[in-house]
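Take a look at the structure set out below.
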Amino acid sequence: MDEIKLSELDPRFKDEITSYPGAENFKRCFTCGTCTASCPVAEVNEEYDPRKIIRMAILGMRKEVLSSDIIWMCARCHTCYARCPQNVEFADVMGVLREMAVKAGYAPKERLSQIEELDRFIQDLRCNMVKYLLKPEEGQRKAIITMVNSKTSL
Ligand code: SF4
Ligand code: SF4
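With my numbering applied, the sequence shown corresponds to residues 5 to 158, in that order.
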């Protein structure tokens, strides 16, 4: 990482983030790294590190965080939240950072709506897969295949 310049840090950044619903516990993070260790995206992409993103945001590195492509990589699977000892809802913090990035002009509005649509799709798919695992019925299996095909044929 480049040198951190104290004069360029924005101490209000962390308070602004916590003012959004879902991000209230964000400042409780004590950098234990459990989120990074349990994140499926971090497992396949060494650039992606939720603990580091939180640390940068707490330090006040507004521009570096909001302009980074990294904030668009979270799959919002909530695995890290389930394991975080401080109840930091990182997927929601990511949602907040994305919204702030769009408002600040670092990313186009369309990117946020596309990502939100993809998030909804993944949640629905996960729900259908869990239903099928609990009750394997043919109708449910077909619904899953139709869902997946609707995306892969685009
Ligand atoms: S698991 Fe929670 S407390 Fe630990 S680094 Fe991640 S966000 Fe911070
Ligand atoms: S919500 Fe995002 S940061 Fe947390 S485990 Fe899932 S992909 Fe990783």
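Ideal Cβ positions, reconstructed from N, Cα and C, are used throughout, including at glycine. Everything numeric in this text was worked out from a predicted model, so none of it was measured.
Backbone CA spacing between residue i and residue j [nearest angstrom]
{"i": "Glu-20", "j": "Arg-66", "result": "10 Å"}
{"i": "Ser-154", "j": "Val-134", "result": "19 Å"}
{"i": "Glu-28", "j": "Ala-41", "result": "23 Å"}
{"i": "Met-77", "j": "Val-45", "result": "8 Å"}
{"i": "Ile-74", "j": "Gln-127", "result": "21 Å"}
Secondary structure of residue i, DSSP reduced to three states
{"i": "Leu-13", "result": "coil"}
{"i": "Ser-72", "result": "coil"}
{"i": "Val-92", "result": "coil"}
{"i": "Tyr-85", "result": "helix"}
Heavy atom of ligand 1 within 7 Å of residue i beta-carbon
{"i": "Cys-1", "result": "The structure shown does not extend to residue 1, since the chain is modelled only from 5 to 158, so the question has no answer here."}
{"i": "Ile-62", "result": "no"}
{"i": "Ile-58", "result": "yes"}
{"i": "Gly-37", "result": "yes"}
{"i": "Gln-90", "result": "yes"}
Under 7 Å from any heavy atom of ligand 2, by CB: list those residues in chain order, please. Those residues that have a beta carbon less than 7 Å away from any non-hydrogen atom of ligand 2 are, in order along the chain, Cys-39, Ser-42, Cys-43, Pro-44, Val-45, Ala-46, Pro-54, Cys-78, Ala-79, Arg-80, Cys-81, His-82, Thr-83, Cys-84, Tyr-85, Phe-94, Ala-95, Met-98.
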